[in-house]
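One structure below.
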Amino acid sequence: MCLAIPGRITEIYEIAGLQMGKIDFGGITKEACLAYLENPQVGDYTMIHVGFAISKVDEEEAFRTLELLREMGELDEELGIDVQVTSPESANTQTPDTTNKS
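To convert, count from 1 in the sequence shown and add 8; that's the working numbering.
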């Protein structure tokens, strides 16, 4: 099943005229096209579907969605890993691992 997965923009850059970014999915970093977002900023949370950022979401919504997808077992299928979901409160005190593991 192809789902949109929430992630946090950690870097923004351009490739061949397209606005691209590094997206952190709870410790796993992937590249996504940001061209369809209005004014994306580092730190924004966005829904990623097949490599494209399709909408912005707030931090709380991102964590709720990640937790629900983890409970359903969909994160393993979509990202190929077991993402650790941390509440927004504790996430503010932790440094995310932005190592590209793909």
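Every residue gets a Cβ at the ideal spot worked out from N, C-alpha and C, and that includes glycine.
As the crow flies, the alpha-carbon of Pro14 is around 5 Å from that of Thr54. Rounded to whole angstroms, the gap between the alpha carbons of Ala61 and Glu75 is 19 Å. Put simply, of Phe33, Glu79, Ile36, Pro48 the residue whose alpha carbon is nearest the alpha carbon of Tyr21 is Pro48. In the DSSP annotation of this structure, the continuous segment of the beta strand (DSSP E) that includes Glu39 starts and ends at 36-41.
Rounded to whole angstroms, Ala24 and Glu69 show a C-alpha spacing of 32 Å. In the DSSP assignment, Pro48 forms no beta bridge with any residue. According to DSSP, Phe33 shares a beta bridge with Ile36.
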